[in-house]
Structure formats: structure tokens, C-alpha cells
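Engineer: Residue numbers (this note's numbering): 3 to 494. Note that the Cβ used here is the ideal one computed from N, Cα and C, for glycine as well.
#1: Where residue 394 and residue 301 are concerned, what is the direct C-alpha to C-alpha distance, given to the nearest angstrom?
#2: Could I get the ranges of all uninterrupted beta strand (DSSP E) runs contained in the stretch 284-352, with 3 residues as the minimum, in chain order?
#3: If you run the structure through DSSP and keep just helix, strand and coil, what is residue 561?
#4: Could you compute how far the alpha carbon of residue 35 sits from the alpha carbon of residue 171?
#5: Helix, strand or coil for residue 119? Go by DSSP, reduced to three states.
#6: Where does residue 127 fall in DSSP's three states?
#7: According to DSSP, simplified to helix, strand and coil, what is residue 448?
#8: Is it right to say residue 132 is buried, meaning 16 or more other beta carbons lie within 10 angstroms of its own, or is it exposed?
#9: Using a Cβ-Cβ cut-off of 8 Å (strictly less than) and excluding sequence neighbours within five positions of residue 420, which residues of its own chain qualify?
#10: Going by Cα to Cα distance, which pick from 38, 90, 178, 31 is closest to residue 148?
#11: Would the stretch 32-52 count as touching the stretch 133-143 if we require 3 or more Cβ pairs under 8 Å?
#12: Counting beta carbon pairs with one atom in the stretch 461-477 and one in the stretch 440-448, are three or more of them shorter than 8 Å?
#13: CB-CB under 6 Å to residue 201, same chain, minus the five flanking residues each way: which ones, in chain order?
#14: DSSP three-state label for residue 416, please.
#15: Excluding the 5 residues flanking residue 19 on each side, which residues of the same chain have their C-beta closer than 6 Å to its C-beta?
#16: Using only CA atoms, which one of 100, 70, 467, 29 lies nearest to residue 286?
#17: Could you give the C-beta distance for residue 428 and residue 183, rounded to a whole number, given that I count them as a contact under 8 Å?
#18: Do residue 80 and residue 176 come within 8 Å of each other at the CB atom, strictly closer than that value?
#19: Going by C-alpha distance, which of 169, 97, 437, 410 is nearest residue 474?
Rendered as C-alpha cells:
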């Protein structure tokens with residue numbers, strides 16, 4: 003049955019939202035489980051480490067380009083939901099949580115980058131806008147456990163309810179992706195399933211037909227050997243017409259041979275082809291700078307909110323009893339900014355496409371989040387309303403550039419390695435997050451104020467903006483004469 007086009011984007015978005023809700027589930031309940039703040043950075047880094055190992059594995063074997071992406075997405079999401087729910091069995095056993103969260107991180111390698119691959123296949127034009135919506139779904143999924151925790155605090159729901167809700171949501175996302183997108187995109191997994199079903203439905207009749215075909219071919223071979231003896235007047239044996247079954251097998255063999263020839267490269271050869279384009283490298287380094295800031299901000303902004311609430315007491319808009327909901331709002335607003343940045347990227351390149359719109363949107367967001375990092379040490383001097391606005395602006399800007407850098411990576415990657423290129427950049431980006439998360443966590447353990455610790459995240463936006471600016475100078479949109487003619491435009 004044909005899949006309606008209008009179902010495609012909502013399916014991808016909901017599945018991405020549901021699958022990525024697995025990411026920060028323990029962060030929202032870590033205090034109720036009995037773990038201290040020192041375990042927050044450890045558990046978060048375990049997920050990142052599992053994700054990195056998963057993306058390395060998928061990248062090396064080019065899994066995202068060799069198998070059906072929707073099937074891969076559905077399977078990995080379902081496995082992640084199971085291991086997330088297993089945390090309920092582990093209770094307060096920290097070692098068990100470490101193992102389970104690492105496995106969940108591995109499964110997320112088949113969710114986030116593979117979801118981008120599915121979107122890239124469906125929407126080759128205007129990819130920045132679609133990826134903006136997709137990253138918005140990831141952001142909302144990341145914030146979802148905080149929403150459940152906030153509602154649970156006011157209604158008396160135990161922390162187990164947050165874990166169960168996240169696992170159920172992820173399972174629903176996997177089911178929807180399998181039902182809608184596998185029939186639409188197909189792929190090797192879908193083709194194999196079709197052959198198995200056809201073989202089962204034909205049963206013994208198919209085998210009998212094959213035996214009759216073998217017998218006929220054997221008789222035809224004997225006739226060719228004795229043909230001249232039986233037909234002395236003919237100079238050559240009569241031609242044996244090829245059966246329809248033979249034609250079908252020949253076509254199938256030719257198709258398999260063509261698919262083998264078109265298989266994307268693996269290993270170091272794939273890496274060399276991916277990194278050959280300077281524009282891809284600029285987009286990738288911009289993405290890495292963005293990632294240095296993003297997950298450390300998401301992991302530790304609750305502590306920043308708690309410290310501000312403690313100092314300002316009951317007069318604060320953000321009180322001790324609604325830190326979870328404020329954290330949800332700070333993270334979730336990024337889902338809106340990602341979608342808006344994606345739409346803006348369609349027109350942000352200036353008249354005549356002076357620069358790729360995605361580059362303009364990404365660099366603008368990176369510049370704003372860089373400024374927010376520098377302002378972090380002054381958070382205690384902000385009045386409650388000003389602090390809330392500051393949090394929402396930072397939460398808005400910190401993720402708005404993510405999809406646009408990914409769009410640039412997809413646009414300038416080797417065409418037959420787009421999925422692998424996106425997986426590779428995601429892998430390196432999340433490796434960077436482990437360093438920044440551990441750095442901020444260690445500084446907080448040594449007694450640093452969270453504002454001063456989070457200010458060091460400015461290093462990432464500074465490096466990412468500097469590198470991408472060399473390839474796509476942002477001022478060229480205002481001053482077109484400054485645009486270097488050697489830079490090619492990216493289709494929006």
C-alpha cells in the first residue's frame with residue numbers, strides 16, 4: 003500500500019522525538035534513585051560513550067548505506083527502550099546503570115544519525131528546513147523526561163513512572179517508523195523479507211517447478227550433444243529457446259552484480275572520500291564546536307537554575323519546586339528554534355544565494371550562544387525575570403545551529419556516503435561532548451560556581467565559528483562584494 007506523502011515528515015519527526023527521549027531519562031530522576039551530582043556527569047558520559055562506539059561501528063561498516071534505514075531505526079529504538087526499562091530492575095545499583103546506559107547510548111547511534119539519513123533521502127531539496135524540524139524533535143525528546151519529572155513532582159508520581167513513560171514512548175516511535183517508512187523506502191532488509199514471504203506462500207509448488215526446470219535444462223543439454231546424430235541434414239543443432247525462469251534468474255544475477263559494484267567503500271577509503279571537500283570539513287568543525295557546548299549545557303543547566311533559586315529565595319520566579327519544569331522549558335524551546343532556523347535557512351543566504359542559507363543560520367546561532375556562554379558568570383546578578391529570559395535565549399540559540407551544520411555536511415559529503423558521513427560527524431561531535439561534560443563536572447566537584455564553569459563552554463562556539471567563517475564569511479550577506487567567488491553555492 004502506498005504511503006501518503008503528508009505522513010512522511012510527521013512520522014520521521016515523531017519517531018525521532020520518541021527515540022531520543024531515551025537520552026536524558028536518568029538525568030531527570032538521578033536524585034530520586036539515590037545518586038549524587040557526581041554521578042550525573044558519569045551517567046551522561048556513559049550514554050555519549052556508547053553512542054560514539056555505536057556510530058564508529060555503523061560508520062566503519064557503512065551500515066546506514068547498506069541496510070534499510072527505517073528498519074535500522076526501528077530495531078535500534080526498540081532495543082534502547084528495553085534496556086532503558088531495565089534500569090528499573092537495577093534500582094540503585096550504579097554499576098548496572100552504567101552498563102545499561104552505555105547500551106542505550108549504542109542504540110541511539112541507530113536513531114539520531116539514521117533519522118537524518120531518512121530525512122535526507124526523502125527531502126534532498128530544502129534539507130536544512132527538514133533537518134531543523136528533525137533536530138527540534140530530538141530537542142523535545144531530550145526535554146521530555148524533565149516534563150514527566152515536573153508533572154510527577156506535583157502529582158506524587160514515583161521516578162519509575164518517568165522511566166516507564168520514556169520506554170513506552172520510544173516503542174511507539176519504533177512501531178510507527180516500521181509501519182510507515184519501511185514499505186515506502188524499502189531497502190535490503192525489506193527485499194529479503196519479501197523473498198522470504200514469497201517463498202513461504204509458494205511452498206512446495208515452487209520447489210517442484212524448480213525441479214522440472216532443472217530436468218528440462220538437463221534434457222536440453224543432452225539434445226545438444228546428440229543433435230547432429232539425430233538431424234544429419236542440419237549443419238547445427240536447433241536453438242533451444244530459453245525459458246522465462248531462466249530469463250528471470252539471469253536478470254536477478256545481473257541486478258545482484260550491479261548492486262555489488264555500486265556498494266559504497268568501507269574503512270579508511272570511505273574516510274578519505276568523506277573528508278576530501280574543504281566545505282565538508284568546515285561544516286563538520288562548526289558542528290564539533292557546537293557540540294562542545296550543547297550537551298554540557300543540557301546536563302548542567304539544572305544546577306545553574308538551582309543555584310539561582312537558592313540565592314533569590316521565594317522571590318524568584320524559578321523556585322526549588324519547579325526546577326524540573328524550568329529545565330524542560332529551557333531545553334524544549336530549542337525545538338522551536340531549530341524549526342524556525344530551518345525555515346530561515348531557505349532565505350538567509352541573501353539575494354542570489356550569496357552564501358548557503360544553512361551557513362548563515364548556523365553561524366548566527368553560534369554567535370548568540372557564544373555570547374550567552376560569556377554572560378554565564380553574571381547569572382547571579384540577574385533579577386529573576388531577566389534570568390529566565392537569559393535561559394530561554396541560551397536554550398534557543400544553543401541548538402538552533404545543529405541541523406544547519408548537519409545540512410551542510412550532508413550537502414557537501416560524497417553522494418554515496420551521505421549516511422556514513424553524517425554518522426561520522428555525529429560520532430566525533432559526541433566524543434567532544436564527553437570532554438566538555440567531564441570538564442564541567444570536575445570543576446563543579448572542586449567547588450567552582452556553575453556560571454564560571456559553563457563560561458568555559460565558549461571555547462567550542464569560538465573555534466566552530468572561526469573555522470566555518472573562513473569558508474562562509476557571514477558579513478558577505480551584508481557586503482556581497484566581500485564574498486569570495488571561489489565558494490560554491492549550496493542548493494537550498
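Structural biologist: Reading off the structure:
#1: 16 Å
#2: none
#3: Only positions 3 to 494 of the chain appear in this structure, which leaves residue 561 out of reach.
#4: 21 Å
#5: helix
#6: coil
#7: coil
#8: buried
#9: 67, 119, 122, 412
#10: 31
#11: no
#12: no
#13: Because the pLDDT at residue 201 is just 45, under 50, the model does not fix this residue reliably, and the value given afterwards should be weighed accordingly. Excluding positions up to five away in sequence, the list is empty.
#14: coil
#15: 139, 142, 143
#16: 467
#17: Contact flag wrong, Cβ pair sits at about 20 Å.
#18: yes
#19: 410
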